[in-house]
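A short worksheet on the structure shown next.
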Amino acid sequence: SLSHHRRLTRLDMMNRLNVLQWMILSHRQLSPFVASEAFIANLCDVLNTTAFNDVTESASKLLLYGVARKHKADVKASIVAVQDLLQGDTFRHFTEFYFDLLNANATATEDDDTSSSLTAFQLLIEFNAYVFAYDLSNFYFTSDIKVLIDIYLRICTHCAPSSKYLLLTLDGLYNIIRWRNYARVDSLEKYKLDEMLQVLCGELTQVVNDSQQDYKAQLENNNDDGGDEEKNENDKSRELRDALKLIQLIRTKMNVIVQTLQEIQNDTYDYDKRVRIELPIDISEYSLNTKTMQQLQTDLLEFLYFLSESVHSADEWIAFLTEN
Numbered sequence: 300s301l302s303h304h305r306r307l308t309r310l311d312m313m314n315r316l317n318v319l320q321w322m323i324l325s326h327r328q329l330s331p332f333v334a335s336e337a338f339i340a341n342l343c344d345v346l347n348t349t350a351f352n353d354v355t356e357s358a359s360k361l362l363l364y365g366v367a368r369k370h371k372a373d374v375k376a377s378i379v380a381v382q383d384l385l386q387g388d389t390f391r392h393f394t395e396f397y398f399d400l401l402n403a404n405a406t407a408t409e410d411d412d413t414s415s416s417l418t419a420f421q422l423l424i425e426f427n428a429y430v431f432a433y434d435l436s437n438f439y440f441t442s443d444i445k446v447l448i449d450i451y452l453r454i455c456t457h458c459a460p461s462s463k464y465l466l467l468t469l470d471g472l473y474n475i476i477r478w479r480n481y482a483r484v485d486s487l488e489k490y491k492l493d494e495m496l497q498v499l500c501g502e503l504t505q506v507v508n509d510s511q512q513d514y515k516a517q518l519e520n521n522n523d524d525g526g527d528e529e530k531n532e533n534d535k536s537r538e539l540r541d542a543l544k545l546i547q548l549i550r551t552k553m554n555v556i557v558q559t560l561q562e563i564q565n566d567t568y569d570y571d572k573r574v575r576i577e578l579p580i581d582i583s584e585y586s587l588n589t590k591t592m593q594q595l596q597t598d599l600l601e602f603l604y605f606l607s608e609s610v611h612s613a614d615e616w617i618a619f620l621t622e623n
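Position 199 of the sequence shown, counting from 1, maps to 498 under this note's numbering, and the rest follow consecutively.
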């Protein structure tokens, strides 16, 4: 019905957009549906023509969440399509809204721990990750990316040390610093590199370490309250163990990011480690060591889909596997 949006009232449009947004945030198995070209084209047409701010915001959210929900092998083409279909100022308004939305999510992380809010934040981070992974250098202005780094740093200093929001934010930072333009003199010029190191090596490390020790002490006290180990495997113990696993993932990510920043600072980071084949998932040591089992399972399924659709020759695969 969105293809006939010009015939719809403002209220009818909002109802349809809100239902679609709820579906995308609530269900993971929608890739075959949002993968259609009509999904991107209709929403871009809405953004190009509507005069209502609430319709613009809802359509922009839906476009961001929908693209991030697609099969990862299809995301690059969808982001390029968004840039091609949105006209002039409409595209810039769309990217500005992205940063406003991310910033709004950043300020709400302490108060809103609901599943839908976390999913929305994750999809925003994933959308952004592909802009840098596929080197879409003209998607954002340099000033936009500086704002993005500021947002990430603010989240790092305000998030709870056992928060999944922090886990996702660290991924966001890592995606930016691995992008070649981050270190280029005519681009980001290692923007706030020293401040990132200060945050990651100083205050955040201390807070994470203190939180880890606190959870360990709580777990020991909880186990001491009962009898044997099996009896103590209650909800509280599981909750504490899950928090400790999450903190360990956060610590691992922080260590890798700090090492990468130090290499960039010393001009020893190898930005030329580019592969011949653009994989839709990250299979680096960083990724394998810091992702949850559920994330790894999802990525492997996406990788299987990518292989089933691959158009690369046997020679290209052999060259890629030999180099990497």
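We put the CB at the ideal spot given by N, CA and C, even for glycine.
Shown here for F351: same chain residues with a beta carbon closer than 7 Å to its own, the five before and five after excluded, namely R309 in chain order. M495 counts as buried, since at least 16 other C-beta atoms from the protein chains shown sit within 10 angstroms of its C-beta.
Looking from the CA of D534, the closest CA among L417, N427, Y490 and L518 belongs to L518.
A residue is called buried once 16 or more other Cβ atoms fall within 10 Å of its Cβ, and M553 is buried on that count.
Counting the other CB atoms within 10 Å of its CB gives R368 a total of 16 or more, which places it among the buried residues.
Closest by C-alpha distance to R305, out of N341, S325 and Q320, is N341. Excluding its 5 nearest sequence neighbours in each direction, L401 has C-beta neighbours in its own chain below 7 Å: L423 and I450, listed in chain order. Take the alpha-carbon of T567 and the one of Q505: they are about 28 Å apart. For the options Y464, T394, L467 and T418, the alpha carbon positioned closest to that of N437 is the one of T394. Boundaries of the alpha helix (DSSP H) around H457: T441 to H457. Taking C-beta atoms under 8 Å as the contact rule, Y364 and L316 fail to qualify, at a distance of about 11 Å. In this chain, the alpha helix (DSSP H) harbouring T418 covers S414 to A432. Between V446 and F398 a beta carbon distance of about 6 Å is seen, short of the 8 Å cut, so the two are scored as contacting. Comparing alpha-carbon positions, the option among L435, A419 and A405 lying closest to L452 turns out to be A405. A distance of 8 Å or more separates the beta carbons of L467 and Y514. Secondary structure of A613 (DSSP, three-state): helix.
Distance from the Cα of R477 is smallest, within the candidate group N347, V555 and L362, for V555. Straight through space, the alpha carbons of S586 and L548 are spaced by roughly 10 Å. Annotation for T551: N588 and T589 place their beta carbon closer than 7 Å to its own, counting only its chain and skipping 5 residues before and after. Judged by DSSP secondary structure, Q547 falls within the alpha helix (DSSP H) whose first and last residues are D534 to Q564. The DSSP-derived three-state label of R368 is helix.
DSSP places N474 inside the alpha helix (DSSP H), whose first and last residues are K463 to I476.
Counting only the Cα atoms, I475 lies some 6 Å from F431.
Boundaries of the alpha helix (DSSP H) harbouring R309: R309 to S325, taken from the DSSP string. With contacts defined by Cβ atoms closer than 8 Å, P460 and V507 form a contacting pair. In the structure shown, the three-state DSSP call for V484 is coil. For D571, the secondary structure class from DSSP, reduced to helix, strand or coil, is coil. The segment 341 to 399 contains, as complete alpha helix (DSSP H) runs of 4+ residues, the segments 352 to 368 and 374 to 384 (chain order).
Contact annotation: I339 and L301 have beta-carbon atoms that are not nearer than 8 Å.
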